[in-house]
Amino acid sequence: MKLPTPEEMALLERAAEEHGVTVAALMERAGACTAHVARRLLEGRGGRRVMVLAGKGNNGGDGLVAARDLVGDARVTVILAGPAADLGGGPAAHLAAVRERHIPVLDAAGLPPADLDAALRDCDLIVDALFGTGFRGPARGVPAALIEAANRSGMPILAVDVPSGADAATGRADPPVIQATATVTMGLPKLGLVQYPAAACAGRLFVADIGVPPAVVAAAPIRAEFIDAAWVNRTFPRRHPDSHKGTHGHVFIVAGARGFTGAAVLAARGAIRGGAGLVTVAMPQSLVTVPTTSLPEAMTLPLPETDAGTLAAAAEGVIREAVAAAGDGRHPAVVAMGPGLTTHPDVVKAVRRLLASLSGPIVADADALNALASDPAPLRDAPGPVVITPHPGELARLTGSSIADIQRDRVAAARSAAASLRAVTVLKGARTVVAAPDGRTGIVPNGNGAMATGGTGDVLTGVVAACLGQRLPAWEAAVCAAYLHGLAGDLAAPGELGLLAHEVADAVPQALARVRAGSVDDGITHVA
1 MKLPTPEEMA
11 LLERAAEEHG
21 VTVAALMERA
31 GACTAHVARR
41 LLEGRGGRRV
51 MVLAGKGNNG
61 GDGLVAARDL
71 VGDARVTVIL
81 AGPAADLGGG
91 PAAHLAAVRE
101 RHIPVLDAAG
111 LPPADLDAAL
121 RDCDLIVDAL
131 FGTGFRGPAR
141 GVPAALIEAA
151 NRSGMPILAV
161 DVPSGADAAT
171 GRADPPVIQA
181 TATVTMGLPK
191 LGLVQYPAAA
201 CAGRLFVADI
211 GVPPAVVAAA
221 PIRAEFIDAA
231 WVNRTFPRRH
241 PDSHKGTHGH
251 VFIVAGARGF
261 TGAAVLAARG
271 AIRGGAGLVT
281 VAMPQSLVTV
291 PTTSLPEAMT
301 LPLPETDAGT
311 LAAAAEGVIR
321 EAVAAAGDGR
331 HPAVVAMGPG
341 LTTHPDVVKA
351 VRRLLASLSG
361 PIVADADALN
371 ALASDPAPLR
381 DAPGPVVITP
391 HPGELARLTG
401 SSIADIQRDR
411 VAAARSAAAS
421 LRAVTVLKGA
431 RTVVAAPDGR
441 TGIVPNGNGA
451 MATGGTGDVL
461 TGVVAACLGQ
471 RLPAWEAAVC
481 AAYLHGLAGD
491 LAAPGELGLL
501 AHEVADAVPQ
511 ALARVRAGSV
521 DDGITHVA
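In terms of the numbering used here, the sequence shown opens at residue 1 and continues consecutively.
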């Protein structure tokens with residue numbers, strides 16, 4: 001499902017007008033869908049009292065249409081965030097229609113705070129139609145007071161298009177921001193709505209069909225997508241009964257150092273559970289007994305090492321020759337490198353040389369990225385496809401940015417890195433972002449806080465490599481891997497803590513089975 005920015009959504013609506021769908025018709029449909037979701041929420045709660053908080057723009061107009069449509073099913077009151085005279089066009093006409101139906105309309109500026117609090121507590125549902133997708137925060141004045149009072153009330157809140165106070169372009173949510181029980185978003189979810197921190201304010205997402213013709217949506221050059229189970233099911237290759245281990249790729253895990261052998265084992269486990277036909281762990285020769293003991297399914301490649309127990313620079317040649325021998329000509333082996341390597345000077349040399357000498361797919365994570373922080377040119381110059389899987393700190397070091405800047409707009413940061421580094425960029429974190437150099441971007445909706453523990457990133461590195469080994473293109477491989485990894489974390493988590501990284505790896509096959517069975521809830525409900 002496409003994820004437009006507010007500007008891209010405005011272009012869609014203008015294109016819909018050219019197909020005979022007027023702005024008035026879009027607003028009518030948006031309000032009707034809002035009323036439909038409001039009824040569903042009221043049924044679950046068992047009440048009939050609705051308070052609509054309406055701003056002066058089109059978002060307020062949607063809320064006023066909903067108020068009108070709810071008459072007969074609910075007892076509705078409207079609170080305006082500003083003087084009625086400030087409303088124009090469609091919102092003004094819908095306010096007049098609301099008054100014709102004898103719906104009480106209050107001016108928030110004339111309500112003492114205690115009376116406002118009492119009014120909001122004395123209802124069964126609040127409809128938030130204060131700010132729409134054009135809002136750039138933070139909220140101030142009367143609208144801010146309404147947001148704070150709504151949140152204080154403890155009542156369920158249905159946000160219209162986007163929770164008021166949240167930025168629909170970037171996902172920023174400078175307080176005050178509506179803490180919605182559900183959000184009914186119009187046409188398509190907005191790009192910022194599915195990113196944190198705004199995503200935490202949205203509650204359950206309902207996507208309303210407001211009448212934009214499907215052909216208009218299909219033709220729109222929107223480069224961001226919400227990745228759901230259906231997308232992964234279509235994209236991830238199915239296994240044929242007559243396939244064999246050579247069909248599904250050979251993955252080399254270049255990882256580990258003295259004291260960091262677990263990272264190599266976890267990455268290899270991720271690759272095996274992710275479907276790689278063959279997995280070889282390439283690590284310092286004194287350590288190769290570790291994966292042999294704990295992961296007998298993996299082969300090992302002992303490498304020259306330094307006195308510190310890390311890869312020696314000469315390891316690059318050994319790896320290059322082994323990888324060349326493992327490929328079948330048309331389908332070269334995949335190399336995943338970085339977990340637990342350290343940034344020993346010899347490791348840095350080996351990583352940089354490997355990027356220059358390997359023509360097959362490469363996954364670079366952790367210390368492989370740290371080895372490139374001073375000069376990421378080898379990423380740009382790599383002869384084969386490269387996927388990098390940084391957390392915000394690693395991306396900050398690679399790009400010379402700050403963690404705060406990256407987290408302020410994760411999509412922009414991932415896209416910029418992918419374009420400048422010429423590598424598919426998997427920006428890990430809540431709502432992982434996967435960006436391609438050409439601008440294609442996937443937002444992965446799953447995963448949880450229990451996955452914030454050592455080793456889960458190493459598992460992801462292995463799963464990405466496995467997807468590449470199964471001959472998916474780099475962006476598609478990274479997106480499928482990130483989705484399956486997040487879903488595996490959801491399936492394996494015993495609660496909000498205590499999840500072990502190897503449990504995530506072991507749940508990847510179950511995650512794919514759920515995808516194939518169509519039994520995954522990605523948190524979005526469509527409203528026709």
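Note that beta-carbon positions come from the ideal geometry of N, C-alpha and C, so glycine has one too.
Given residue i as reference, the closest of the options once Cα atoms are compared
i	options	result
M27	M186, S153, L120	M186
P437	A465, T170, A478, I406	A478
P494	G455, G449, R40, V348	G449
A465	A430, L266, A356	L266
R516	G317, S243, A452, V232	V232
D375	L398, D367, R353	L398
P221	H502, T441, T461, G486	T441
L278	A166, V184, P390, G462	G462
A423	V433, T456, A382	A382
Q470	G55, E13, G327	G327
G270	L484, R49, A159	L484
G90	C33, A25, L53, V426	A25
V411	G400, M337, T425, L421	T425
A114	A404, P385, A145	A145
T300	V288, A308, V162, D174	V288
G309	G259, G141, V21	G259
E321	D521, L395, L358	L358
A298	A257, T306, F252, G340	F252
A452	A202, P189, N151, L499	L499
P390	L369, Q285, G192	L369
T183	A208, E316, P197	A208
P104	P143, L64, G141, S416	L64
S153	G171, A119, A168, P143	A119
Buried or exposed by the 16-neighbour rule on C-beta atoms within 10 Å, applied to residue i
i	result
L497	exposed
H102	exposed
G88	exposed
P385	buried
S402	exposed
G165	buried
K56	buried
R136	exposed
Under 8 Å between C-beta atoms of residue i and residue j
i	j	result
L106	V76	no
A314	P302	no
K2	A224	yes
V98	R68	yes
A501	D458	yes
R431	Q195	yes
A435	A414	yes
I157	A180	yes
A333	V323	yes
P445	I227	yes
A30	A54	no
M155	R204	no
T34	V177	no
G455	A255	no
R14	L125	no
A108	L95	no
### Query
Any chance the segment 234–243 sits against the segment 195–215, with 3 or more Cβ pairs inside 8 Å?
no
### Query
Are at least three pairs of beta-carbons, each pair with one atom in the segment 131–138 and one in the segment 54–67, less than 8 Å apart?
yes
#### Entry: Every unbroken beta strand (DSSP E) inside the segment 164–224 [3 residues or more]
182–186, 204–208
### Query
Should the segment 352–370 be regarded as contacting the segment 294–303, the criterion being three or more beta carbon pairs within less than 8 Å?
Cβ pair count under 8 Å is below three, so no.
#### Entry: alpha helix (DSSP H) runs wholly inside the segment 324–409, at least 4 long, in chain order
345–357, 366–370, 377–381, 392–399, 403–408
### Message
Between the segment 63–75 and the segment 38–54, can you find at least three pairs of beta-carbon atoms closer than 8 Å?
### Response
Result yes; three or more Cβ-Cβ pairs closer than 8 Å.
### Message
As an exercise, report each continuous alpha helix (DSSP H) stretch of at least 4 residues that is fully enclosed by the segment 235–288, in chain order.
### Response
Listed in chain order, the complete alpha helix (DSSP H) runs (minimum 4 residues) inside the segment 235–288 are 261–273.
### Length at least 4, wholly inside the segment 408–487: the alpha helix (DSSP H) runs in chain order
Within the segment 408–487, the complete alpha helix (DSSP H) runs of at least 4 residues are 410–421, 456–469.
### Task
Quick one: which unbroken beta strand (DSSP E) runs of 3-plus residues sit fully inside the segment 116–161? Chain order, please.
125–129, 157–160
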